[in-house]
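Trainee: Quick one: this structure, given as structure tokens, is what I'll be asking you about.
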Amino acid sequence: MTLKTAAPAPAAVARRAEHQARRRKGKSPYPYWFYLPAAVVYTALFLVPTFASFFFSFTRWTLTDFTFIGLDNFVQFFQEPALLKGLTNTFIYGAVTSTLKVALGMLLAVLLTSRIIARGYLRSVIFFPVLLSSIGVGIVFTVLMDPSKGMINEALAAVGIEGPAWLVDPAWALLSVAMVDVWKGVGLATVIYIAGIVSIPQEYFEAAKMDGASSVKCFFNITLPLARPATATVIILSLIGGLRSFDLIWAMTKGGPGFTSDVIASVIFKQYQAGFYGLSTAGNVVLFLIVTAIILPLSMFLNRKEVEQ
Amino acid sequence: MTTALKRYGLGVLAIAVTVVLFIVPLAFMALTAVKDRREAAKLDFAWPTTFNFIENFQDVLSARKFMLVTAFINSTILTVASVTILVILAAMVAWILQRRRSRWNGVANFLILSGLIIPPAVVPTIWVLQSMGLFKTLPGLILIEVAFGLSFCVMLFRAFIASIPKELDEAAVIDGCGPVRLFFRVIFPLLRSVIVTVIVVQSVHIFNDFQNPLYFLPGDANATVQLTLFNFQSQFATSYNLLFMNILLITIPPFIMYLFFNRQIVAGMTAGAVKG
Amino acid sequence: MTTSRRRPWGSLTVGVTALAVALTGCAGGSGGSAGGGESKTITWLVDNTENTVTYAEQIAKDFNAANPNITVEVETRPQGGEGDNIVKTRLSTGDMADLFSYNSGSLFHQISPEQNLVPVTSEPYMANVSESFKPVVTAGKEVYGVPVGTGNAGAVLYNKKVYEKLGLSVPKTWSEFMANSRKIKDAGIAPIIQTYQTTWTSQLFVLGDFANVAAASPGFATDYTANKAKYATDSAAIKGFEHQEEAAKAGLFNEDFASATYAQGLEKLANGEGAQYPILSFALPEIKVTFPDKLNDIGLFPLPGEDASKNALTVWLPGGVYIPKSTKNLEEAKKFQAFIASKAGCDSQTKAVGANGPYLVKGCDLPADVPTAVKDMLPYFEDESRNSPALEYLSPVKGPALEQITVEVGSGIRSAKDAAALYDEDVTKQAKQLNLPGWN
């Protein structure tokens, strides 16, 4: 950007003016080179691999050498029986976790901004799991969800309910992991919503109360619409997390039983583990396309609505 | 009357529910961590007949030649280094991005959004790291964490910087501040609260990261804490007591973080997530 | 009595062993004095099972006692796919440990031995290594590794007390096995233990049946490698899947088969809660650690097939210890290999974890007090017509998803026929990645 210093000031102009002119024109207080260190790291370790993935997804690859095989990987990837399952599972997982996080997060936030006792304790205890490691949480819940000896089913049995086999029942496995994901992540949604609700001007509620509006009405007519930015954030964050989710599923079911709780990320990982680097990278490209195709339009939609208000 | 009922009734109900849903699993983890191997294998919520805290603690620490100790050192270096770099680089980017409107803004915004949503391509990343000689090195993993965390941090910073009046910059410029001084002496201190948020959020995130160390930093000498869980969850036999003791130990640092920075997280989320 | 037992590979005289030990020992001595007591540290990468780590550390310690100027540092890695990956990437990036333990057979071929490993064919200590082991660590014309650990079997471990109580005899055919299992079920004991939380354990019906497949169609392994035989279409090969399906449909598994882990399976077997567990015999040292007093209640028989006269044991050969080309301590690494391939090396392992099967090093005798199940196993090892190496030692073609597929069969999610066909597709990927002739 120093190239712009060309324009010479007339000699007659006062020194101070010259000084200022140079600063204004040549040396912006916001120099572009501030981007540079971040750009280098980001380009080398994120952009280059992302672009390279498009190339290597068309190869059979051993890291040291590769053979170009055209669309074979994609064909094979779509023949992989786990993939279709993985694909639908990815959508289900993303939808279930973000819906529950929005609903529960909103509910808890309303509760925690109302005048109930022990708010500090409640807020802390709900938020704490956000800080735990997914692997640790996954292992603990795998044990709790053991169908015969696990605490959850023993507790249910005590009140006369026969709990499902959770992680080992093909019908429940994915949902069980999704519920643990919600357990771990609802605290973040709650905190975001609390922030959203607190930022709503108190006058709205006071005015509504003057008009004799019930608290249910207040919720639907004031809290819900005005907390929309928070909702958008929660949806986008949990969808991105949900569609890419790997750690928790890997710690709890490894995609099992069989392939019933596989998601795309776990399918990719399995191909990688098996040494099918080209195939795994093709899976990465598929996941990339899917996530982009969902998140991009959704976030544009949510943000546009926001602007219109 | 009804408000009092609501205040106490709902409160008590909420406390009861959270105890069952949140406290009991955590207590279970702690209890299992102090049982002996055979009792722990029963997976029940029973009170341990013998307390083996010291013994399990020593076993976990000394397992595989004090691998957990090495892992704590590695994880600390990883977390501190990547968060420091992240905070500085992300704040620099966010500041320029927020202040200087240009044709680069569109590109930068696009890249930031990409960083948030695109799942990193694992094997090509390994390939790049390898060609730079950084694969399987701590500096390599640090840079990975920086690259993958940049977008989120820039977003948080940018939203916050928008609330700092631009007149402040102009005043500083008139006083003769260069960009570097302006940024580090004037702007950076003003970002204190969002910096705390970024530090807390990112350090917990990086400390808890499992996938990236697994891919990019394999090998025992380099183990990070999340990978140590493998020691006790081998395919062949599981020592649940040691496994849970390990989980307990690696939960302590995030817990301490939380004790000290609880408020800042919530305050920071207000600035970052909602406005962003 | 077992001390005098002769094994097919035990034929070479103790003299050669002694000579080899003397030679390497001598070399160690002179090296040490020439270097003026300069000490070196070499690293050895092994998997992180308790058993492996225990014997590895004992070997390292005893080796150091014999060669005070060389210290061996044991590094560990996870097992399974994650471990495979670590080995492959460390080899391809040239920063492998000075020695590493890794599978023999098909997985060995996947780490590009000719490119990555130091051939040791003509080293004097290779004379100690059993001839039956050398083929599974040979690539091209060169031999690359020495065996560590013992031979194992993929078979049914059973609780002898349950068998005695119910008056059952060891089954020789699949129908006898099913008949036994029904009687066990009637007695209120889980007849067949399955543990699908630890997915790899689900594969034994298929993998452990291979000796029967090899007996029924001897050319299967070769045809399979050449893309000419398939699990789904070979009537002998599909039996493993069918047996698993049949047992599952008959309700012969323990109730918690879907959520049980390997460790729990062993506990059931040891306590007599379950009677029969198709598993690899390296479960025995695990039982020994956790249930030492129950170890000798456990017996072993091969997975039964259709024909009693051909019932054979499927054998897993031990892994090898290899030296990567990237090592900077080649002399020391070779000395260490020599130690592992010697009687002293076997003795270290026996001292650390007991003998859990026959060693594949000449001159290594098993102590008299080997577990009952190992005694059951030895006759099969001694008679070559009564055992076959598992398919993974005979063919490089092995699909990565078999364990998920067999979990599905055992859980009733997928039929045996579908499963076999799906597995055939799965191995196609592997064969293509390896660029095997006949697959592209």
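Chains as they are written, first to last, in the UniProt record's numbering: chain G, 1 to 309; chain A, 1 to 276; chain W, 1 to 440. Virtual Cβ for every residue (Gly too), placed ideally from N, Cα, C. Remember, predicted model here, so these are calculated numbers, not experimental data.
1. Considering only residues of the segment 173-214 of chain W, which uninterrupted beta strand (DSSP E) runs meet the minimum length of 3 residues and lie entirely inside it, listed in chain order?
2. Please return the same chain residues whose Cβ sits closer than 7 Å to the Cβ of G/V285, not counting the five positions on each side in sequence.
3. Cα separation between W/R386 and W/Y158?
4. To test your reading of the DSSP string, which unbroken alpha helix (DSSP H) runs of 4 or more residues are found completely within the segment 98-145 of chain W?
5. Could you tell me which residues DSSP pairs with A/F207 in its beta bridges?
6. Between the C-alpha atoms of A/R263 and A/L86, what's the straight-line distance to the nearest angstrom?
7. Could you name the residues of chain W that G/A165 contacts, counting a contact when the two beta carbons are closer than 9 Å?
8. Please classify W/D383 as buried or exposed, where buried requires at least 16 neighbouring CB atoms within 10 angstroms.
9. Would the segment 295-308 of chain W count as touching the segment 60-74 of chain W if we require 3 or more Cβ pairs under 8 Å?
10. Go ahead and pull the three-state DSSP assignment for G/G136.
11. Mind checking whether W/K325 and W/V118 have CB atoms under 8 Å apart?
12. Could one say the Cβ of W/Q433 lies closer than 8 Å to chain G's Cβ atoms, at least one of them?
13. Spell out the partners DSSP gives W/I42 in its beta bridges.
14. Given a threshold of 16 other Cβ atoms within 10 Å of its Cβ, counted over all protein chains shown, does G/N221 qualify as buried or as exposed?
15. Taking DSSP as the reference, what is the three-state secondary structure of G/A208?
16. Please classify W/Q197 as buried or exposed, where buried requires at least 16 other C-beta atoms within 10 Å of its C-beta.
17. In the DSSP output, what is G/Y121 paired with across the bridge?
18. Is G/A44 close to chain A? Criterion is C-beta to C-beta, closer than 8 Å.
19. Using CA atoms only, rank isn't needed, just tell me which of W/W174, W/G149, W/N212 and W/I323 is closest to W/D364.
20. Closer than 8 Å, CB to CB, is A/A16 near chain W or not?
21. Can you tell me whether G/W61 is buried or exposed? The criterion is at least 16 other CB atoms within 10 Å of its CB, across all chains shown.
22. Per DSSP, what kind of secondary structure is G/A189 in: helix, strand or coil?
23. Along chain W, in chain order, which residues have C-beta atoms closer than 9 Å to that of G/T64?
24. Since W/Q404 meets chain G, which of its residues come closer than 9 Å, beta carbon to beta carbon?
25. For a contact meaning CB atoms closer than 9 Å, what does G/V267 contact in chain A?
26. Of all the beta strand (DSSP E) runs that stay within the bounds of the segment 292-327 of chain W, which reach a length of 3 or more residues?
27. When you check each C-beta in the segment 146-157 of chain G against every C-beta of chain W, which residues fall closer than 9 Å?
28. Expressed to the nearest angstrom, what Euclidean distance is found between the alpha-carbon atoms of A/I206 and G/F288?
29. Counting only runs of 4+ residues fully inside the segment 228-264 of chain W, write out the alpha helix (DSSP H) ranges in chain order.
30. Quick one: is the Cβ of G/Y93 within less than 7 Å of any heavy atom of the ligand ATP?
31. Measuring CA to CA, which of A/Y240, A/L249, A/I15 and A/F244 is closest to G/P117?
32. Near A/V198, which residues of its chain fall below 8 Å by C-beta distance, leaving aside the five closest residues on each side in sequence?
33. Answer with yes or no whether the minimum CB distance from W/I86 to chain A is below 8 Å.
34. Let me know the secondary structure DSSP gives W/Y393 once reduced to three states.
35. Which bits of chain G does A/I250 rub up against, with CB to CB less than 8 Å?
Mentor: Taking the structure as given:
1. 190-192
2. S53, F54 and S57
3. 20 Å
4. 106-109 and 113-116
5. Note: A/F207 sits in no beta bridge, so no partner.
6. 22 Å
7. D256, A258 and S259
8. exposed
9. no
10. helix
11. yes
12. yes
13. W/V72
14. exposed
15. helix
16. buried
17. In the DSSP output, where bridge partners are listed per residue, G/Y121 has none listed.
18. yes
19. It should be noted that the sequence gives Cys, not Asp, for residue 364 of chain W. Looking at the Cα atoms, W/G149 is the closest of the given residues.
20. no
21. buried
22. helix
23. S92, S112 and Q115
24. A82, K254, G255, G256, P257, G258, F259, D262 and K270
25. The premise fails here: G/V267 is roughly 12 Å from chain A at the closest Cβ pair, so nothing lies under 9 Å.
26. 298-302, 313-316 and 319-322
27. D146, P147, S148, K149 and G150
28. 22 Å
29. 239-249
30. Of ligands this structure carries none, so the ligand ATP is not represented either.
31. One point to set straight first is that residue 117 of chain G is Ile, not Pro, in the sequence displayed. Minimum Cα distance to G/I117 is reached at A/I15.
32. V83, L86, V87, A90, C153, L156, F157 and G268
33. yes
34. helix
35. S133 and G136
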